[in-house]
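Protein chains in written order, with numbering that gives the first Met the number 0: chain C, 0 to 332; chain F, 0 to 379; chain E, 0 to 265. No residue lacks a Cβ here, since even glycine has one placed at the ideal position from N, Cα and C. The structure appears right after this line, and notes come after that.
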Amino acid sequence: MSKDVYVLMEQRDGELAKVGVELIGEATKLAGDLGQQVVAVLLGSGIKDKAEKCIHYGANKVIIVDDPALAEYLTEPYADAVTAVIEKYQPEIFLFGASSIGRDLAPRVSARIHTGLTADCTGLDIDPETKLLRMTRPAFGGNIMATILCKDYRPQMATVRPGVMQALAKDKARTGEIEELKVEFKAPLVKIREVVKNEHKTVDITEAKYLVSGGRGIGSPEFFNELQKLADVLGGEISSSRANVDAGWIDKSRQVGQTGKTVRPDLYMACGISGAIQHVAGMEGSEYIIAINKNDTAPIFDLADIGIVGDVKVIIPKLTEAVAKAKAAKNAE
Amino acid sequence: MDFSLSKEHKLLQEMYRKFAETEIKPLAQEIDEEERFPRESVPKLARYGFFGIPYPKEYGGQGGDYLAYAMAIEELAKVCATTATLVAAHATLCVFPIYQFGNEEQKRKYLPDLLSGKKLGAFGLTEPGAGSDSSMQQTKAYRDGDNYILNGTKCFITNAGEADVYIISTMTDKSKGNKGITTFIVDGDTPGFSIGKHEKKMGIRGSATADLIFENAVVPASNMLGQEGQGFKIMMSTLDAGRISIGALALGIAEGAYDACYKYVKERKQFGKNIAAFQNTQFELADIKTRIDAAQLICYRAACEKEAGRPYGLYAAQCKYLCAATASDATRRCLQLFGGYGYMREYDIERMMRDAKITEIYEGTSEVQKIVIANHLKIK
Amino acid sequence: MKIVVCIKQVPDTTEVKLDPKTNTLIRDGVPSIINPDDKAGIETALQLKEKLNDGSTVTIVSMGPPQADVALREALAMGADEAYLLSDRAFGGSDTYATSTIIAAALKKIGYDLVITGRQAIDGDTAQVGPQIAEHIGIPQVSYAEEIVSIDNEKVVVKRQFEDRYHILELPLPCLITALAELAEPRYMSVRGIYDAYREKEVKVLGFEDLKELFNPEYIGLKGSPTNVYKSFTKQAKGAGTKYADVSADEAVKIIVDKLEERHII
């Protein structure tokens, strides 16, 4: 009989990735609905000391596979380890982060143990009657959402989009069980020749998660520095409407619109952008749009999720400060 | 009668479109603005076979048919008439006479490099005093041992200076009028052959247009196409074939204008609604598209008649005449729907209107086409 | 070397809509294309073939309805040597597990040294079929390949991107690589290639009967799929959100920060 909600804790160089902590938060909700427990699966080399942390974030139990073969991510030993965990413990549900590790590992495992896998989920819940896991995910670039079930095979497996699920607040008072599992690893066929960290990438606004975009309303080329500060604290990039590019205030590579680039960031902040159709054509696919503009009738307000009628020159510096403060508060937790 | 394209033609059309949109369109405005020949496009066009579409593989061609070729010109012209012109001047005006009238030795020598796009071709018939009336040409050639010596000037020559191989018509016997015309293949590096001044034009401004100057240029007798005195026939038959490609080119310009306008009227708002909602817009575009579709039918028919080996002179002239008229009409009316923006150089439509005009003039004016059509119909 | 590229035909847009009555995708009037990541896979295979220049061949495999023929012709017109269409009513409704089961069977039949798939298809976005194929046929995989550093008849060296690092990995052949669109800018079909694709080359069709010995017939199609769609729905259309006209700068900042926190942006 399968039971419990399992979560793969991703770690890099012994540091737990955020997505695993988010998964514990989500798994706690699911396990509650099932009347079961949350089990964190921690794979790596020399990572035993991280087990406590998993418990502090909400896991009821931690299973550790600690082996030098798991020091850097490789598909084969990781798939072997996860398979060993599944075979021994028979989980009801197994969640992975939809990261480049999770999306490499989970399909390999699902094929091996013959179960279903749903990719890149943004919503999970338990059907109150059937107790099945309902896995909701976007398809067709987010235009269509589909809810997927895996009725006959266990575990029900999903990869979950990072940043979507809510982590629980860390609580050092939490306690739980820690168990170590020994796995025999074969020498992997794939060899790592080199590991290079934090490679510098050139800026491509179409790949930015967050864009702070300036239009005619920013008034001067210097104000892009202010937008850059906001982009920096958000971890995004700056972009522009055509007028500022033509005026030579900013490089053409950052132009959004019909004659520039088409972007679909998670957040598009339109600062002093009126929203001419040529511009809108390049950004209307954005996930979330915040517009700040002095002109109450600017067409950008027709598609903004949040529209602020106001002066960007006053609001942006204050906003940068507030975001920085909010982030600092989060990190201190 | 079945008007649907074959699977091959559908896939070709898809490929042409993607290539034109991605590789050619982004340059169109720039080369117009700078009056610059799009040299960088030549190797790309060559790689994918644009320079040798309707010619057999044994000479390095693509083994395609004339419809496939016309469609290529059409799709290129949709985004850039300059680029379509450089291909048409090469693939029809230069390659066709060599393929059709050249001896085996000449074909083996010239076709592989021309069809692969390694070398670019051009065609020189027009002179300052001999436009529509080719019998008035002054460029002379006389025999000197194993060579011919050429003297004279050709004008308004497309691909001038960019081409490596030129098809040149000359007068070898003035007394015989059109029957005294002889055609030569002239290499670009022939001693005594030089390029004159480049013209500044209204449209197709990226196209290289210049004089060809012959001052005792020495051309081997082995480079004569056909026989002495056959030049008129060669040039006329080349122009017949050329009319289909220029028709396709004009058709492409009209379609490009229609496509741009179609998109614009759905976006542009006036009086609180898209201008597409106004009946004038709908009537204009309905009328323009009907004319375009009619022009396309006659263009494709001319190409298919030629491919089938049937007489196509009438259809080719009708094709050029109708497509050119459609291009001028469609671009002008589409520009009007763009309003003030249409007049601005930021938008493509004003360039299309300037480009369209040449199709009523070069490779036989619309008036010449009507003469040809009337002759075919034996009206006189 | 026999390089096999698995491709999928997908609708040429992410702007598709659901039919509110049948809850199925409206695909009318939406042209089909080769999935972009898969096309980069084809280009990569062609470049490897040209680089190896030793009689290596490129084979294309696609599972889909008969209309997917044109996607395979396109691959042939780009320069691929042969193409197989895996098409049968029995294959319909397959999820990623069932799909990979069928493709793995076809690969066993056709043979392979190097298998390349696109990272993910723009319609499903699952990125699962590649690794699942590799598991079914028991060969190592590298997903998210960004660059093929070198290749010879025994091994391939690949650069593989992660969020914070990259690995240079050495894989013995046979193996499977999933390609990112960045791996190679695909060439166009050539005019001659298009004629050859229809006149000189063929698309071979493999159906259930051809493959039934090579997979468990209970593991394919709608019935053999471990997952199934419970419901699908269109994301709510984006309209105007909330507009705040009379707020002070500080109030505005608070509204924005709250929203950013709510959406986990900060």
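- Excluding its 5 nearest sequence neighbours in each direction, Val-255 of chain C has C-beta neighbours in its own chain below 8 Å: Ile-204, Leu-210, Ser-212, Ser-238, Ser-239, Ser-240, Thr-261, Val-262, His-278, Gly-281, Met-282, listed in chain order.
- Just measuring C-alpha positions, the residue of F:Thr-171, F:Phe-183, F:Gly-255, F:Lys-173 sitting nearest Arg-16 of chain F is F:Gly-255.
- Distance from the CA atom of Thr-177 of chain E to the CA atom of Glu-201 of chain E, rounded to whole angstroms, is 26 Å.
- Listed in chain order, the alpha helix (DSSP H) runs fully inside the region 65 to 141 of chain F are 65 to 78, 80 to 87, 94 to 100, 103 to 114, counting runs of at least 4 residues.
- For a Cβ distance threshold of 8 Å, residue set Ile-255, Lys-258 of chain E lies close to Ile-289 of chain C, ordered along the chain.
- Nearest C-alpha to Ala-80 of chain C among C:Leu-41, C:Gly-115, C:Pro-298: C:Leu-41.
- For Leu-116 of chain C, at least one C-beta of chain E is nearer than 7 Å to its own C-beta.
- Among the residues of the region 260 to 272 of chain C, those with a Cβ less than 8 Å away from any Cβ of chain E are Asp-265, Leu-266, in the order of the chain.
- Spanning the alpha carbons of Asp-126 of chain C and Ile-62 of chain C requires a straight line of approximately 27 Å.
- Using beta-carbon distances, Met-77 of chain E does not count as an interface residue toward chain F, since no partner is under 7 Å.
- In the same chain as Thr-364 of chain F, and ignoring 5 residues on each side of it, the C-beta atoms closer than 7 Å to its own belong to Ser-131, in chain order.
- By the neighbour-count criterion, in which a residue is buried when 16 or more other Cβ atoms sit within 10 angstroms of its Cβ, Ile-305 of chain C is buried.
- Contact annotation: Ile-184 of chain F and Gly-230 of chain F have beta-carbon atoms that are not nearer than 7 Å.
- Pairing Asn-150 of chain F with Phe-213 of chain F gives a Cβ-Cβ distance under 7 Å.
- Selection E:Thr-43, E:Gly-123, E:Ser-61, E:Pro-30 evaluated against Ile-2 of chain E yields E:Thr-43 as nearest (Cα-Cα).
- Between the alpha carbons of Gln-105 of chain F and Ala-69 of chain F lies a gap of roughly 25 Å.
- In the three-state scheme derived from DSSP, where H, G and I count as helix and E and B as strand, His-166 of chain E is classed as strand.
- One alpha carbon belongs to Ala-248 of chain E, the other to Ala-118 of chain C, and they sit about 41 Å apart.
- The C-beta of Ile-41 of chain E comes no closer than 7 Å to any C-beta of chain F.
- According to the DSSP assignment, Met-0 of chain C belongs to no beta strand (DSSP E), since it is labelled neither H nor E.
- Between Lys-208 of chain C and Pro-264 of chain C, the gap from beta carbon to beta carbon is short of 7 Å.
- Residues of chain E with a Cβ closer than 7 Å to the Cβ of Cys-120 of chain C do not exist, since the nearest Cβ in that chain sits about 11 Å away.
- In this structure the region 135 to 144 of chain F does not lie against the region 61 to 75 of chain F, because fewer than three pairs of beta carbons, one per stretch, are closer than 8 Å.
- Note that the region 78 to 93 of chain E does not touch the region 131 to 140 of chain E; fewer than 3 beta-carbon pairs, one per stretch, sit closer than 8 Å.
- Here the C-alpha atom of Lys-178 of chain F lies approximately 18 Å from the C-alpha atom of Asp-239 of chain F.
- Of the residues E:Asn-152, E:Gly-192, E:Phe-232, E:Lys-158, the one whose Cα lies closest to the Cα of Leu-51 of chain E is E:Asn-152.
- If you draw a straight line from the Cα of Ala-220 of chain F to the Cα of Ala-196 of chain E, it comes to about 42 Å.
- Residue pairing of His-197 of chain F in beta bridges, as defined by DSSP: F:Ala-209.
- Annotation for Arg-350 of chain F: Asp-31 place their beta carbon closer than 6 Å to its own, counting only its chain and skipping 5 residues before and after.
- Ser-206 of chain F counts as buried, since no fewer than 16 other beta carbons sit within 10 angstroms of its beta carbon.
- In this structure Ala-39 of chain E is buried. Its beta-carbon is surrounded by 16 or more other beta-carbon atoms within 10 angstroms.
- Sequence-distant Cβ neighbours of Lys-24 of chain F in its own chain, meaning closer than 6 Å and more than five residues away, are Val-78.
- Look at Ala-259 of chain F here: in three-state DSSP terms it is helix.
- Pro-30 of chain E has a beta carbon lying at 7 Å or more from every beta carbon in chain C.
- The residues Leu-73, Glu-75, Pro-76, in chain order, have a CB closer than 7 Å to that of Pro-187 of chain C in the same chain once the five nearest residues on each side in sequence are set aside.
- For Tyr-218 of chain E, the secondary structure class from DSSP, reduced to helix, strand or coil, is helix.
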